[in-house]
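Undergrad: One structure is given below, represented as structure tokens, and several questions about it will come after.
2 protein chains.
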Amino acid sequence: MVNALKEKIAAKTAIIGFIGMGYIGLSLLDAFGSAGYPLIGYDIDQKKIELLKKKKPYLNFLDHKNLFALMDQKRFKISNDSVVLQEADIIIISVATPLDRYRTPNLTNLRNAFLTISKHLQKNQLIILQSSTFPGTTNEELLPLLEKSGFKIGKDFFLAHVPEVTDIGNPEFSVAAVPKIISGITTACRTLATSLYKQLGCKTVACSSTSIAEAAKLLQNSFRLINISFINEMKILFDHMGLDVWEVIEAASSKPFGFMPFYPGPGVGGSCIPIVPFYLVWKAKATGGQAVMLEQAGHINDLMPTYVFNKMIQGLNLQSKTLNGAKVLVLGVTYKKDVNDLRESPALKLLPLLKNMNAEVFYHDPYVKELSQIEECPGLALKSIELNYEMLALYDAVIILTDHTCYDWDKIVLHSHLVVDTRNVTANVKAKSKIVKA
Amino acid sequence: MVNALKEKIAAKTAIIGFIGMGYIGLSLLDAFGSAGYPLIGYDIDQKKIELLKKKKPYLNFLDHKNLFALMDQKRFKISNDSVVLQEADIIIISVATPLDRYRTPNLTNLRNAFLTISKHLQKNQLIILQSSTFPGTTNEELLPLLEKSGFKIGKDFFLAHVPEVTDIGNPEFSVAAVPKIISGITTACRTLATSLYKQLGCKTVACSSTSIAEAAKLLQNSFRLINISFINEMKILFDHMGLDVWEVIEAASSKPFGFMPFYPGPGVGGSCIPIVPFYLVWKAKATGGQAVMLEQAGHINDLMPTYVFNKMIQGLNLQSKTLNGAKVLVLGVTYKKDVNDLRESPALKLLPLLKNMNAEVFYHDPYVKELSQIEECPGLALKSIELNYEMLALYDAVIILTDHTCYDWDKIVLHSHLVVDTRNVTANVKAKSKIVKA
Chain A
538 MVNALKEKIA
548 AKTAIIGFIG
558 MGYIGLSLLD
568 AFGSAGYPLI
578 GYDIDQKKIE
588 LLKKKKPYLN
598 FLDHKNLFAL
608 MDQKRFKISN
618 DSVVLQEADI
628 IIISVATPLD
638 RYRTPNLTNL
648 RNAFLTISKH
658 LQKNQLIILQ
668 SSTFPGTTNE
678 ELLPLLEKSG
688 FKIGKDFFLA
698 HVPEVTDIGN
708 PEFSVAAVPK
718 IISGITTACR
728 TLATSLYKQL
738 GCKTVACSST
748 SIAEAAKLLQ
758 NSFRLINISF
768 INEMKILFDH
778 MGLDVWEVIE
788 AASSKPFGFM
798 PFYPGPGVGG
808 SCIPIVPFYL
818 VWKAKATGGQ
828 AVMLEQAGHI
838 NDLMPTYVFN
848 KMIQGLNLQS
858 KTLNGAKVLV
868 LGVTYKKDVN
878 DLRESPALKL
888 LPLLKNMNAE
898 VFYHDPYVKE
908 LSQIEECPGL
918 ALKSIELNYE
928 MLALYDAVII
938 LTDHTCYDWD
948 KIVLHSHLVV
958 DTRNVTANVK
968 AKSKIVKA
Chain B
538 MVNALKEKIA
548 AKTAIIGFIG
558 MGYIGLSLLD
568 AFGSAGYPLI
578 GYDIDQKKIE
588 LLKKKKPYLN
598 FLDHKNLFAL
608 MDQKRFKISN
618 DSVVLQEADI
628 IIISVATPLD
638 RYRTPNLTNL
648 RNAFLTISKH
658 LQKNQLIILQ
668 SSTFPGTTNE
678 ELLPLLEKSG
688 FKIGKDFFLA
698 HVPEVTDIGN
708 PEFSVAAVPK
718 IISGITTACR
728 TLATSLYKQL
738 GCKTVACSST
748 SIAEAAKLLQ
758 NSFRLINISF
768 INEMKILFDH
778 MGLDVWEVIE
788 AASSKPFGFM
798 PFYPGPGVGG
808 SCIPIVPFYL
818 VWKAKATGGQ
828 AVMLEQAGHI
838 NDLMPTYVFN
848 KMIQGLNLQS
858 KTLNGAKVLV
868 LGVTYKKDVN
878 DLRESPALKL
888 LPLLKNMNAE
898 VFYHDPYVKE
908 LSQIEECPGL
918 ALKSIELNYE
928 MLALYDAVII
938 LTDHTCYDWD
948 KIVLHSHLVV
958 DTRNVTANVK
968 AKSKIVKA
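Set out below in structure tokens:
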């Protein structure tokens with residue numbers, strides 16, 4: 538049975554089904570489609586399915602051309618009816634694994650996806666989880682859901698965990714360019730998953746258990762949270778000392794070993810850095826262990842929008858203005874430059890702070906036309922202004938939150954009364970007296 | 538006046554005096570001596586001067602051949618009389634900057650060195666500090682000492698800070714291979730220092746102030762403390778979860794961007810990682826700022842010898858033995874492999890813990906013949922045993938603390954009852970039941 542599937546993988550006749558049509562799912566569909574595999578896409582989100590069927594991209598940083606061509610060639614079937622999953626030889630799951638407000642992992646998406654698979658499970662199917670989650674999830678939480686089918690793992694079906702490692706919006710690291718960490722419940726599970734990713738030309742790294750693979754992904758993201766939070770703490774400290782953290786980092790970066798520069802900002806967003814590490818923190822507590830540095834790093838990250846906010850009040854104050862009644866323009870609301878992704882964006886924390894102080898708040902973002910029905914700030918209903926550099930004098934303060942490539946920093950400073958810069962993009966702009974680094 | 542010294546530097550006739558004959562001082566002497574400069578070496582430590590004069594190396598990881606040849610050629614004058622410093626055109630200071638037991642910076646060495654220089658200060662001398670210290674030291678603490686001479690900075694004499702960046706015992710990074718972060722009290726100070734290091738073929742990075750250069754060095758070392766402590770916290774956590782941290786790190790390291798592996802151990806030693814970051818923590822408090830993550834990292838580091846100690850008690854316990862009365866052999870007492878450097882070594886914390894529990898303690902280290910008169914453990918008086926692998930069964934437990942290259946890990950495990958491995962050097966050794974990772 539293992540061999541039959543292995544042969545289908547090698548012959549590229551294995552049908553690959555995907556649950557979750559987010560960035561990861563679509564990237565993988567693109568990669569496996571380009572490699573020649575027939576594809577099935579499934580999502581419970583009716584809106585995404587509709588947009589895909591109408592060939593309307595909802596992610597600005599992913600090229601959909603190839604996927605749409607595959608649809609035309611009837612090699613990529615999209616559905617919101619889970620029964621399509623019965624046709625797949627392989628099912629790859631990449632659904633979101635969020636946290637609730639208490640930083641407790643919410644595995645609802647993941648459990649539902651696995652319950653759906655279980656309902657339709659076919660003999661010899663290979664199930665691959667690519668969502669990030671805490672050590673033990675695949676083995677202890679998800680495997681039992683599939684075993685409800687009555688099928689036996691490693692014999693009747695196969696379950697692997699292959700953490701997704703990606704740099705969103707960075708074309709340098711395609712799916713194939715990133716080595717795949719591969720683990721399975723049994724050796725057969727791992728072998729099958731390995732043979733699949735090898736077909737993409739990926740390097741593979743075998744783990745002895747799915748828990749090790751889950752932990753490896755959490756360690757990667759935790760490393761980033763630790764270091765970004767640390768440099769943000771240093772930003773605040775060096776500011777107290779009258780030193781420019783950016784100049785300190787530049788000098789320190791000359792060290793040719795044992796150093797990796799991280800850069801401060803208004804707080805981290807997306808899923809990998811602000812969310813994933815807290816799957817480890819949560820699991821730590823359940824095992825009687827500790828992750829104090831991660832908790833501290835999360836705390837520092839939480840503080841960053843407030844730090845930016847206070848720097849702005851101080852900047853206005855030195856111009857004899859209050860935030861109350863001030864016109865404030867936020868430039869960039871996405872968590873990362875040049876992507877249309879708002880997940881955990883510091884903007885969603887900063888905007889309510891400004892509103893609560895009775896500022897008149899405006900924003901501009903070329904990738905986000907309106908902010909409304911945001912779960913984090915239910916009262917928010919704003920539309921992106923049209924950016925006219927010469928009109929910036931209308932605002933009492935401009936906050937640079939996201940360093941989108943399209944912005945002209947010189948012009949922004951030239952026409953503004955006060956610029957709060959969280960990204961050091963105005964480093965080479967003259968007129969320092971107008972600029973507050975935050 | 539600047540030009541006169543510049544010309545001497547270019548002509549390599551400038552006499553370079555050094556205060557502090559430790560690793561940094563000797564490395565720099567070697568580099569500048571090889572470049573052709575006449576040298577003077579001064580240290581208040583009479584023992585070091587005597588050993589050098591007798592051509593007896595006291596650091597095993599530094600090749601002294603070149604330095605001794607320079608002595609023979611009368612191009613390297615050594616003295617413990619500070620009056621020799623009057624002959625120097627340039628004086629480079631690399632004295633230790635330790636902490637007291639309350640983690641308060643102790644600038645005594647540094648102040649004394651500068652008071653000595655001040656006493657002998659000559660017109661047009663260039664003074665270069667290469668010791669690590671908190672932001673503001675050069676400008677606020679040391680400059681005033683030199684100004685006592687009545688000379689004027691940037692006119693009559695010059696003061697620069699060039700933090701020392703080095704990987705002790707790693708021949709890959711010679712003095713010339715590491716870019717130099719260069720700062721001066723005035724532009725002339727920085728220009729002179731830059732021209733000097735350029736003569737070694739060093740890349741140079743200019744900083745706008747000595748405080749920036751000081752902070753850059755502290756950031757480099759703090760980054761390492763943060764990350765080593767974090768991975769040690771993860772080691773403990775993953776152990777709770779039944780996962781091998783080393784396998785997790787190996788898998789995580791396959792990520793081709795945004796990740797840098799750090800490895801756990803029994804605690805960090807030397808000066809750069811356990812000492813230098815606390816110069817920043819101390820200064821943070823004085824400025825009303827915070828360095829919470831660094832303090833937490835220091836706390837985790839402090840715990841590591843106790844963690845190893847407890848793992849050993851547990852290992853003995855499972856063999857139905859108590860530590861009380863057990864014969865324990867510690868392999869390696871230096872803080873880093875293949876160097877004879879004991880500074881802040883975790884061994885100096887672990888050995889007293891073992892003794893206090895009435896263990897019979899032995900150690901072996903090819904680079905440390907005896908442990909006595911150690912400031913941290915005044916009661917300690919041990920001599921390195923002769924290592925005979927076949928005799929290891931005499932000990933109830935063997936702790937691998939330093940992974941010196943000379944050790945044969947297979948033999949160590951083969952002949953021991955219990956091996957506590959803090960360095961994962963037994964990863965590929967069979968007989969896992971004898972091994973406790975710690």
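Those sequence lines, one after another, are chains A and B.
Numbered according to the numbering used here, the first sequence spans residues 538 to 975.
Numbered according to the numbering used here, the second sequence spans residues 538 to 975.
Built from N, CA and C at the ideal position, the CB exists for glycine as well.
Note that this is a predicted model, so its numbers are computed, not measured.
(1) Is the number of C-beta pairs between the segment 725-739 of chain A and the segment 757-777 of chain A that are closer than 8 Å three or more?
(2) Mind pulling the chain A residues with CB within less than 7 Å of glycine 804(B)?
(3) Indicate the three-state DSSP secondary structure (helix, strand or coil) for threonine 741(B) in the structure shown.
(4) Between the C-alpha atoms of glycine 869(B) and glycine 559(A), what's the straight-line distance to the nearest angstrom?
(5) Can you tell which of Ala713(A), Ile810(A) and Leu666(A) has the C-alpha that lies nearest to the C-alpha of isoleucine 722(A)?
(6) How would you label methionine 849(B), buried or exposed, when you count the other beta carbons within 10 angstroms and need 16 or more for buried?
(7) At which residues does the alpha helix (DSSP H) containing glutamine 499(A) begin and terminate?
(8) For threonine 859(A), collect the residues of the same chain with a Cβ closer than 7 Å to its Cβ; drop the 5 residues on either side in sequence, then sort them by chain order.
(9) Enumerate, from N- to C-terminal direction, the unbroken beta strand (DSSP E) stretches of 3 or more residues contained entirely within the segment 583-642 of chain A.
(10) Indicate whether alanine 975(A) and threonine 959(A) have their beta-carbon atoms separated by less than 9 Å.
(11) Run down chain B in chain order and give the residues with a C-beta less than 8 Å from the C-beta of phenylalanine 710(A).
(12) Can you tell me where the beta strand (DSSP E) with histidine 901(B) in it begins and where it stops?
(13) Run down chain B in chain order and give the residues with a C-beta less than 8 Å from the C-beta of isoleucine 505(A).
(14) To which residues does DSSP link valine 914(A) through a beta bridge?
(15) Since lysine 685(A) is in the beta strand (DSSP E), which residue starts that stretch and which ends it?
(16) Kindly indicate the opening and closing residues of the alpha helix (DSSP H) around histidine 952(A).
(17) In this structure, does DSSP put phenylalanine 846(A) in helix, strand or coil?
(18) Our contact map puts serine 953(A) next to valine 935(A) with C-beta atoms below 8 Å; I'd like the distance itself, whole angstroms only.
(19) Does aspartate 776(A) get closer than 9 Å to chain B when you measure Cβ to Cβ?
(20) Roughly how many angstroms separate the alpha carbons of glycine 835(B) and proline 811(B), rounded to a whole number?
(21) Establish whether the CB of asparagine 861(A) and some CB of chain B are separated by less than 9 Å.
(22) Is it true that the segment 653-660 of chain B meets the segment 730-742 of chain B, where meeting means three or more beta-carbon pairs spaced less than 8 Å apart?
(23) With DSSP as the reference, label leucine 938(B) as helix, strand or coil.
(24) What runs of the beta strand (DSSP E), each 3 residues or longer, lie entirely inside the segment 694-749 of chain A?
(25) Which first and last residues belong to the alpha helix (DSSP H) in which phenylalanine 651(A) is found?
(26) Can you look up phenylalanine 555(B) in the DSSP assignment and give me helix, strand or coil?
(27) Quick check on alanine 975(B) - is its C-beta less than 9 Å from some C-beta in chain A?
(28) Nearest-angstrom Cα distance between asparagine 838(A) and glutamate 912(B)?
(29) Alpha carbon to alpha carbon, how far is aspartate 580(A) from methionine 1008(A)? Give it in angstroms, no decimals.
(30) Using a Cβ-Cβ distance cut-off of 9 Å, determine whether asparagine 764(B) contacts chain A.
(31) Just to check my reading of the structure: leucine 917(B) and leucine 888(B) have Cβ atoms closer than 8 Å, yes? What is that Cβ distance to the nearest angstrom?
(32) State the DSSP-derived secondary structure class of leucine 931(B), mapped to helix, strand or coil.
(33) Using the beta-carbon count (16 or more within 10 Å), is cysteine 744(B) buried or exposed?
(34) Just to confirm, are glycine 533(B) and glutamate 624(B) a CB contact at a threshold of 9 Å?
(35) Under 9 Å, do aspartate 637(A) and glycine 795(B) count as touching if we go by C-beta distance?
(36) Whose C-alpha, out of Asn597(B), Ala750(B) and Ser564(B), is nearest the C-alpha of lysine 906(B)?
TA: The relevant details are as follows:
(1) Taking a contact to require three or more Cβ pairs closer than 8 Å, the segment 725-739 of chain A and the segment 757-777 of chain A do not qualify as touching.
(2) Contact of glycine 804(B) with chain A by beta-carbon distance below 7 Å is absent, the smallest such distance being about 16 Å.
(3) For threonine 741(B), the secondary structure class from DSSP, reduced to helix, strand or coil, is strand.
(4) When rounded, the separation of the alpha-carbon atoms in glycine 869(B) and glycine 559(A) is 52 Å.
(5) When each option's Cα is compared against that of isoleucine 722(A), the closest is Leu666(A).
(6) Flag for methionine 849(B) reads buried.
(7) This structure leaves residue 499(A) out entirely; chain A is present only between 538 and 975.
(8) For threonine 859(A), where only same-chain residues beyond five positions count, the Cβ hits under 7 Å are Leu853.
(9) Runs of the beta strand (DSSP E) inside the segment 583-642 of chain A: 613-616 and 627-630.
(10) Yes, the pair counts as a contact, with Cβ atoms nearer than the cut-off.
(11) Going along chain B in sequence order, the residues near phenylalanine 710(A) (Cβ under 8 Å) are Pro793 and Phe794.
(12) Its beta strand (DSSP E) spans residues 897-901.
(13) The structure shown does not extend to residue 505(A), since chain A spans only 538 to 975, so no value can be given for it.
(14) Sequence inspection shows cysteine at residue 914(A); the valine mentioned does not correspond to that position. Looking at the DSSP output, cysteine 914(A) sits in a beta bridge with Ile911(A).
(15) Where lysine 685(A) is concerned, there is no enclosing beta strand (DSSP E), given that its DSSP letter is neither H nor E.
(16) Where histidine 952(A) is concerned, the enclosing alpha helix (DSSP H) stretches over 946-952.
(17) It is helical.
(18) About 5 Å; that satisfies the 8 Å criterion.
(19) With 9 Å as the cut-off, aspartate 776(A) counts as an interface residue toward chain B.
(20) Taking the CA atoms as reference points, glycine 835(B) sits about 7 Å from proline 811(B).
(21) It does not: the Cβ of asparagine 861(A) has no partner Cβ on chain B nearer than 9 Å.
(22) No: the two stretches stay apart, fewer than three of their Cβ pairs being nearer than 8 Å.
(23) The answer is coil: DSSP assigns leucine 938(B) none of H, G, I, E or B.
(24) Complete beta strand (DSSP E) runs here, min 3: 695-698, 717-721 and 741-743.
(25) Here the alpha helix (DSSP H) through phenylalanine 651(A) covers 645-657.
(26) Assignment of phenylalanine 555(B) by DSSP, reduced to helix, strand and coil, places it in the strand class.
(27) Closer than 9 Å: no.
(28) Approximately 41 Å between the Cα atoms of the pair.
(29) As displayed, chain A neither begins before 538 nor continues past 975, which places residue 1008(A) out of reach and without an answer.
(30) Output row for asparagine 764(B): interface = yes.
(31) At roughly 6 Å, the Cβ-Cβ gap stays under 8 Å, so leucine 917(B) and leucine 888(B) are in contact.
(32) In the structure shown, leucine 931(B) falls within a helical segment according to DSSP collapsed to helix, strand and coil.
(33) Here cysteine 744(B) is buried. Its C-beta has 16 or more other C-beta atoms within 10 Å.
(34) Residue 533(B) lies beyond the residue range present for chain B, which begins at 538 and ends at 975; the question has no answer from this structure.
(35) Not closer than 9 Å, so no.
(36) The option with the nearest alpha carbon to lysine 906(B) is Asn597(B).
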